[in-house]
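Below: the structure, in structure tokens.
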Amino acid sequence: MTKPKTPLTHIRNFSIVAHIDHGKSTLADRLIQMTGGLDAREMKEQVLDSMDIERERGITIKAQTVRLEYEHTDGQHYVLNLIDTPGHVDFAYEVNRSLAACEGSLLVVDAAQGVEAQTLANVYHAIEVNHEIVPVLNKIDLPAAEPERVKQQIEDVIGIDASDAVEISAKTGLGIEKVLAAIVERLPAPKGNEDAPLKALLVDSWYDLYLGVVVLIRVIDGRIRKGQKIRMMATGAAYELDRVGVFTPKLVDVGELGPGEIGFFTASIKEVADTNVGDTITDDRKPTDTPLEGFRPAQPVVFCGLFPVDASDFEDLRAAMGKLRLNDASFSFEMETSAALGFGFRCGFLGLLHLEIIQERLAREFDLDLITTAPSVVYQIQMTDGTEIELHNPADMPDVVKIAEIREPWIKATILTPDDYLGAILKLCQDRRGIQTNLSYVGNRAMIEYDLPLNEVVFDFYDRLKSISKGYASFDYQLSDYREGDLVKMSILVNAEPVDALSMLVHRSAAEYRGRQMCEKLKELIPPHLFVIPIQAAIGGRIIARETVRALRKDVTAKCYGGDATRKRKLLEKQKEGKKKMRQFGKVEIPQEAFIKALKMGDQ
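Residue numbering for the sequence shown follows this note's numbering, beginning at 24 and increasing consecutively.
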């Protein structure tokens, strides 16, 4: 079906940026409802969050897009393309590419909580790509809402004029009409030339069971239509288009898309790996001269091993990971083996939440039981012979004698917190080898900037931060550089056998403390066997901590009624001999919960 062309001046492309939980997805729901994108029967909460995990956790993981038709009060018809973006720091790359497809952003700020760390991070992404920004104060109906204070805060912290911020309640629908009017009146229309050769930006792609790979694009110049032969400029592959359409949020076929429009196409593409996010799509016969800038590819920062509990599930795990990789280009994996855990994969993630989400999706969508090893970061190792290697897995660390220096990744962290928790947070950052670079005040909230080593953050920094600030502190970070550190490999031995899944690189100053903690934790988690189990932490050949799991004792003398004491002693001696032998040949069963809990080590 071909609709009359919408003039460029009547198109608005915008995204919604905000901190987690400030109401992006709820606002998107209201906008869809208000413009009649779905009827009342099809409407449900968080309609754009399509994954079960997104709905349960109340977070957005994949950026979603929807086309809205809006009649303005001046009688003009407008097409609004909305991209709902994630708020969590681990999914910042999703935010970046969504913003590249738009000209403006709605900045949603909770009128009770005010500006948070990720509000800042996401709004700076938007300012970097020259977006026009409309501030929106949400949750205005809450008793704790202080719109005037939050407007002042937006001006002080972000430096954008918030005097005419739109005040709304996305939950009740209050003020949504004003948001639609502000989008049309205050955001710029896209630019583009209809007669130029086709130039479109590949924003996202995912796998659909029925359609194959669905590619989300933003047309910059020219037109794209069904049956046209297109070429991807990065890979050089050419395809003929089967379908061209838009999301309303349902898939609706349209004959063609023109400049400034956001939509999708399918073209019998077999794998998502064939579509590079940020690639430029052009006409095969009349290509454009210059490709678009594109985006930096997502760099994994946290690595960990994923192993099936049951070794026979290995092939299923491989297939499941291949399928996940279809829809999440930032997730990378390669095969590895471990003495304790058998065959598995070394996987790269954008952060701990990303790791948790992937793990949960594997467990849920593919019904797999997995063991996850300790998360680690990528270290750069300078060898004595001048070569340089990247270390993803602490178990693969080369011989210490051959290492000249080890460099670890550092991050720039921004933490926003109410004044009451400042002392405890500064202490936490100091304990994690942080270097404070800035401390400023915004109203009654402190904004702390720290340089922190990433390997101190991947363990449980975020959980600790949330617990000491009772959930009020917010945290955002970006990778800054690699610096030399005094790092050592700490191995954990259970019954004199090294457990490679628990080995980790730690800073020498924290090694003893970390080792003792790990041993104490494992002592609680490993169930008693019929023999004594020593648990040790070691650096090289030096034991730095030890705990012992006492043996279970069967009462071998129970069947002796009276009689001579020597008879009892004989039975006890026999038992002792048996235990000794058992300790030599006995196999310690470490339950999977013990692995998981030991790896979620807290700083009590």
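From the three backbone atoms N, C-alpha and C, an ideal C-beta is built for every residue, glycine too.
Which partner residues does residue i have in the DSSP bridge list?
i       : result
Leu-525 : Leu-525 pairs with nothing; no bridge assigned.
Arg-348 : Bridge partners of Arg-348: none, in fact.
Glu-139 : Looking at the DSSP assignment, Glu-139 forms no beta bridge with any residue, so it has no partner.
Asp-5   : Because the chain here runs from 24 to 627, residue 5 falls outside it and cannot be looked at.
Tyr-536 : Paired residue(s): none; Tyr-536 is not in a bridge.
Gln-405 : Glu-411 and Glu-428
Ser-399 : Phe-326
Assuming residue i and residue j make a contact with CB atoms under 8 Å, what is their CB distance in whole Å?
i       : j       : result
Ala-560 : Met-513 : 6 Å
Leu-165 : Tyr-93  : Their Cβ separation, rounded to whole angstroms, is 28 Å, which puts Leu-165 and Tyr-93 out of contact at 8 Å.
Leu-510 : Ile-429 : 5 Å
Lys-546 : Val-529 : Going by Cβ atoms, the distance from Lys-546 to Val-529 rounds to 19 Å, so no, they are not a contact pair.
Val-238 : Phe-270 : Going by Cβ atoms, the distance from Val-238 to Phe-270 rounds to 13 Å, so no, they are not a contact pair.
Ala-223 : Arg-241 : 6 Å
Leu-329 : Leu-393 : 5 Å
Val-423 : Phe-372 : Wrong, their Cβ atoms sit about 28 Å apart, outside the cutoff.
Asp-297 : Leu-225 : Incorrect: roughly 11 Å between the Cβ atoms, too far for contact.
Buried or exposed, going by whether 16 or more other CB atoms sit within 10 Å of the CB of residue i?
i       : result
His-100 : exposed
Cys-583 : exposed
Gly-374 : buried
Glu-263 : exposed
Pro-282 : buried
Pro-550 : exposed
Ala-167 : exposed
His-519 : Reading the sequence as shown, one finds Ala at residue 519 and not His. That one is exposed.
Gln-453 : exposed
Arg-369 : buried
Asp-523 : buried
Met-420 : buried
Met-541 : buried
Glu-145 : A small fix is needed here, since residue 145 is Asn in this sequence, not Glu. That one is buried.
Asp-72  : Caution applies to Asp-72, whose pLDDT of 42 falls short of 50 and renders its modelled position unreliable; the model cannot decide the point.
Val-152 : exposed
Tyr-233 : exposed
Arg-348 : buried
What three-state label does DSSP hand residue i in the structure shown?
i       : result
Val-269 : strand
Glu-600 : helix
Glu-12  : There is simply no residue 12 to check, as the chain begins at 24 and stops at 627 in what is shown.
His-100 : strand
Ile-76  : With a pLDDT of only 45 at Ile-76, under the threshold of 50, the placement of this residue in the model should not be trusted, and no figure is reported.
Ile-39  : strand
Val-555 : coil
Leu-462 : strand
Cys-583 : coil
Lys-47  : helix
Arg-468 : strand
Ile-84  : For Ile-84, the predicted model reports a pLDDT of 42, less than 50, meaning its position is unreliable and no value from the coordinates is stated.
Asp-227 : strand
Lys-512 : strand
Tyr-233 : coil
Lys-593 : helix
Pro-441 : strand
Glu-68  : Residue placement at Glu-68 is flagged as unreliable, the pLDDT there being 47, under the threshold of 50; the coordinate-derived value follows with that caveat. The answer is coil: DSSP assigns Glu-68 none of H, G, I, E or B.
Lys-544 : helix
Val-238 : strand
Phe-372 : strand
Thr-360 : strand
Lys-222 : strand
His-530 : strand
Gln-501 : strand
Lys-252 : strand
Arg-308 : coil
Tyr-495 : coil
Spatial neighbours of residue i within its chain, please: C-beta separation below 7 Å, excluding the five flanking residues on both sides.
i       : result
Pro-476 : Glu-431, Trp-433, Arg-456 and Gly-508
Ala-185 : Pro-158, Lys-174, Ile-177 and Glu-178
Ala-193 : Gly-46, Thr-49, Leu-50, Arg-53 and Asn-161
Ile-567 : Ala-534, Glu-535, Gly-538, Ala-560 and Ala-561
Leu-391 : Pro-331, Asp-336, Asp-339, Leu-340, Ala-343 and Leu-385
Ile-199 : Arg-53, Leu-54, Met-57 and Ile-191
Arg-248 : Val-267, Gly-278 and Glu-279
Short of 6 Å in beta carbon distance, which residues of its chain neighbour residue i, apart from the five on each side in sequence? Order them along the chain.
i       : result
Gln-9   : The structure shown does not extend to residue 9, since the chain spans only 24 to 627, so no value can be given for it.
Arg-80  : Residue placement at Arg-80 cannot be trusted, given a pLDDT of 45 that sits under 50; what the coordinates show is reported in the next sentence. There are no such residues.
Ala-436 : Tyr-473, Leu-475 and Tyr-500
Ala-418 : Asp-523 and Ser-526
Asp-231 : Val-237
Can you give me the Cβ contacts of residue i inside the same chain, cut-off strictly under 8 Å, excluding the 5 residues immediately before and after it?
i       : result
Asp-306 : Pro-220, Leu-221, Gly-245, Gln-251, Lys-252, Ile-253 and Arg-254
Ser-291 : Gly-235, Tyr-262, Glu-263 and Asp-265
Arg-569 : Cys-542, Pro-557, Ile-558, Gln-559 and Ala-560
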